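A.B. asks: In my numbering, the protein residues as written are 9 to 423.
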Ligand SMILES: *Cc1c(COP(=O)(O)O)cnc(C)c1O
């Protein structure tokens, strides 16, 4: 593989025109779209329009005239297209952590109604910490037990005590992807519900919630959906369950008719009851622009084409780094079917300073304690030549020892 070979792959890439949707800074190879997606070109103008026209000029009338009040459903319907949900089943609201609290609580209520024996929330030991913290807190409050297992042990741990299997589809650190349909089936066979966190999946890998027969899902707006820092998250509940329970954050936006201002709570039908407070209009406008950048792939082969390119990018990067950087240990799966859209390498001591030195060269990935160098690959804007050049920089950082410089060894608050 030479740099010219990489350029030839880019010249033949049917998704190449999609890169033009993004305001990418010069001199940067951005391998962190799994943590904060890149700014779409359309976002600044759209947010400006919402600020000056919808807010500045039209003021409160915009809740009706600009459709602000239905933004959670409108943007939700667009995200639904990316995760195998139907129109009207998914809304945008709050953060992933808060949405997880809502759906996990509803899942525990359903399980409790069906059997008093089911007292366990089963999850993966290496799941993203906020998911485990939310589950731990709810388990304490509701008298359940949070049980953690390694990925390979999960099927064997699904027994008559499990109320909910709560998993993140693609592991944030290793990039390993679960078989959603198989594990959901195993959970159902054991009488448990299946709840999926799609934070590292939505917009990155094909997801079909209905085909997998999932019960609940949440996901993130600021990663592969390019919604901007702190973008609101999304929540989906299978229509068989959505009307069965109140969610615990029974705010007025989840009420059947909020503008009647009645003292008693009557939940809205369907997924809208999973809204709590007033929708954040500016972040929702930005998120819609981000989601549109992913939906634009429809004209170029859609999610199947994105997945094919993502696999080619991650495969190439992993092979180049393995060949050139023997100091690093590959963590992400080799098997395409088990890999999300990221590649991770471990080094027992110098992971953090190596990543800082790489960032100083304009190759932006991130570090996840204790020892992981993490690289995310967004096929919407990354080129094969970027992958080739990034692997070259990593090799040079290791060979030159520039990671030893003191400034690369100072830990920042966000790694
Ligand atoms: C990024 C991520 C989150 C983020 O949750 P916030 O509430 O937005 O901070 C949650 N879960 C997983 C698995 C993630 O990867």
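Just so you know, even glycine gets a beta-carbon here, dropped at the ideal spot from N, CA and C.
Predicted model, so just to flag it, every value in this text is computed and none were measured.
Check the DSSP bridge columns for residue 205 and list the partner residues they point to.
C.D. replies: DSSP output for residue 205 lists 176, 226 as bridge partner(s).
A.B. asks: So residue 293 and residue 58 are supposed to be a Cβ contact under 8 Å. How far apart are they, rounded?
C.D. replies: Yes, residue 293 and residue 58 are in contact; Cβ-Cβ is about 5 Å, under 8 Å.
A.B. asks: Rounded to whole angstroms, what's the CA-CA distance from residue 194 to residue 166? Just pull it up for me.
C.D. replies: If you take the alpha carbons of residue 194 and residue 166, they lie about 7 Å apart.
A.B. asks: Please find out if some non-hydrogen atom of ligand 1 comes closer than 7 Å to the beta-carbon of residue 228.
C.D. replies: Correct: residue 228 has its Cβ closer than 7 Å to ligand 1.
A.B. asks: Would you report the Cα separation of residue 160 and residue 114, rounded to the nearest angstrom?
C.D. replies: Cα to Cα, the separation comes out at about 27 Å.
A.B. asks: In three-state terms, what does DSSP make of residue 97?
C.D. replies: Here residue 97 sits in coil by DSSP.
A.B. asks: Name, in chain order, the residues that DSSP records as bridge partners for residue 263.
C.D. replies: The partner list for residue 263 (beta bridge, DSSP) reads 275.
A.B. asks: Mapping the DSSP letters down to three states, classify residue 244 as helix, strand or coil.
C.D. replies: Looking at residue 244 - three-state DSSP - the assignment turns out to be strand.
A.B. asks: What I want to know is whether the C-beta of residue 208 ends up closer than 7 Å to one or more non-hydrogen atoms of ligand 1.
C.D. replies: Yes, the Cβ of residue 208 comes within 7 Å of a heavy atom of ligand 1.
A.B. asks: Quick one: give me the first and last residue of the beta strand (DSSP E) that residue 153 is part of.
C.D. replies: Unbroken beta strand (DSSP E) run through residue 153: 153-157.
A.B. asks: With a threshold of 16 other CB atoms inside 10 Å of the CB of residue 42, please say whether the residue is buried or exposed.
C.D. replies: Residue 42 is buried by the Cβ-count criterion.
A.B. asks: Using three-state DSSP, classify residue 412 as helix, strand or coil.
C.D. replies: Three-state result, residue 412: helix.
A.B. asks: Given a threshold of 16 other Cβ atoms within 10 Å of its Cβ, counted over all protein chains shown, does residue 8 qualify as buried or as exposed?
C.D. replies: With the chain covering only 9 through 423, there is no way to say anything about residue 8.
A.B. asks: With 16 as the cutoff for other CB atoms within 10 Å, does residue 33 come out buried or exposed?
C.D. replies: Residue 33 is exposed by the Cβ-count criterion.
A.B. asks: Going by C-alpha to C-alpha distance, which of 129, 250, 307, 206 sits closest to residue 171?
C.D. replies: The residue with the shortest Cα to Cα distance from residue 171 is 129.
A.B. asks: Give me the Cβ distance between residue 105 and residue 142, rounded to the nearest whole Å; I'm assuming they're in contact under 8 Å.
C.D. replies: Confirmed, Cβ separation roughly 6 Å.
A.B. asks: On the premise that residue 314 lies in contact with residue 305, defined as a C-beta separation below 8 Å, what is that separation, rounded to the nearest angstrom?
C.D. replies: Correct: roughly 5 Å between the Cβ atoms.
A.B. asks: Relative to the C-alpha of residue 325, which residue among 77, 300, 351 is closest?
C.D. replies: Looking at the Cα atoms, 351 is the closest of the given residues.
A.B. asks: Please indicate yes or no: does the CB of residue 104 lie closer than 7 Å to some heavy atom of ligand 1?
C.D. replies: Flag set: Cβ of residue 104 near ligand 1.
A.B. asks: Is the beta carbon of residue 241 within less than 7 Å of some heavy atom of ligand 1?
C.D. replies: Yes - ligand 1 has a heavy atom lying nearer than 7 Å to the Cβ of residue 241.
A.B. asks: Measuring alpha carbon to alpha carbon, tell me which of 251, 112, 280 ends up nearest residue 261.
C.D. replies: Among 251, 112, 280, the Cα nearest to that of residue 261 belongs to 280.
A.B. asks: I'd like the list of long-range same chain contacts for residue 27, defined as Cβ closer than 6 Å, with 5 residues on each side in sequence excluded.
C.D. replies: Excluding residues within five positions, the ones whose Cβ falls inside 6 Å are 389.
A.B. asks: If distances are taken between C-alpha atoms only, which option among 22, 247, 418, 323 comes closest to residue 221?
C.D. replies: Of the listed residues, the one whose Cα sits closest to residue 221 is 247.
A.B. asks: Rounded to a whole number of angstroms, what is the C-alpha to C-alpha distance between residue 251 and residue 278?
C.D. replies: Rounded to whole angstroms, residue 251 to residue 278 spans 6 Å at the Cα level.
A.B. asks: Once DSSP output is grouped into helix, strand and coil, what is the label at residue 131?
C.D. replies: Correct three-state label for residue 131: strand.
A.B. asks: Straight-line CA distance for residue 295 to residue 49?
C.D. replies: Rounded to whole angstroms, residue 295 to residue 49 spans 13 Å at the Cα level.
A.B. asks: Confirm, please, whether the CB-CB distance from residue 112 to residue 174 is below 8 Å.
C.D. replies: Cβ atoms of residue 174 and residue 112: closer than 8 Å.
A.B. asks: Below 7 Å, is the gap between the Cβ of residue 110 and the nearest heavy atom of ligand 1?
C.D. replies: Flag unset: Cβ of residue 110 not near ligand 1.
A.B. asks: Since residue 229 contacts residue 239 with CB under 8 Å, what's their CB separation in whole angstroms?
C.D. replies: 3 Å between Cβ atoms; contact.
A.B. asks: Please classify residue 414 as buried or exposed, where buried requires at least 16 other C-beta atoms within 10 Å of its C-beta.
C.D. replies: That one is exposed.
A.B. asks: Quick check on DSSP: helix, strand or coil for residue 352?
C.D. replies: The answer is strand: DSSP assigns residue 352 an E or B state.
A.B. asks: Would you list the residues sitting across from residue 381 in a DSSP beta bridge?
C.D. replies: Note: residue 381 sits in a beta bridge opposite 353, 375.
A.B. asks: Just mark residue 335 as buried or exposed, buried being the case when its beta carbon has 16 or more other beta carbons within 10 Å.
C.D. replies: Answer is exposed; the Cβ neighbour count stays below 16.
A.B. asks: Quick one: does the C-beta of residue 375 sit closer than 7 Å to a heavy atom of ligand 1?
C.D. replies: No, the Cβ of residue 375 stays beyond 7 Å of every heavy atom of ligand 1.
A.B. asks: Span of the alpha helix (DSSP H) holding residue 289?
C.D. replies: From DSSP, the alpha helix (DSSP H) with residue 289 extends over 289-303.
A.B. asks: Using a Cβ-Cβ cut-off of 7 Å (strictly less than) and excluding sequence neighbours within five positions of residue 316, which residues of its own chain qualify?
C.D. replies: Same-chain partners within the cutoff: there are none.
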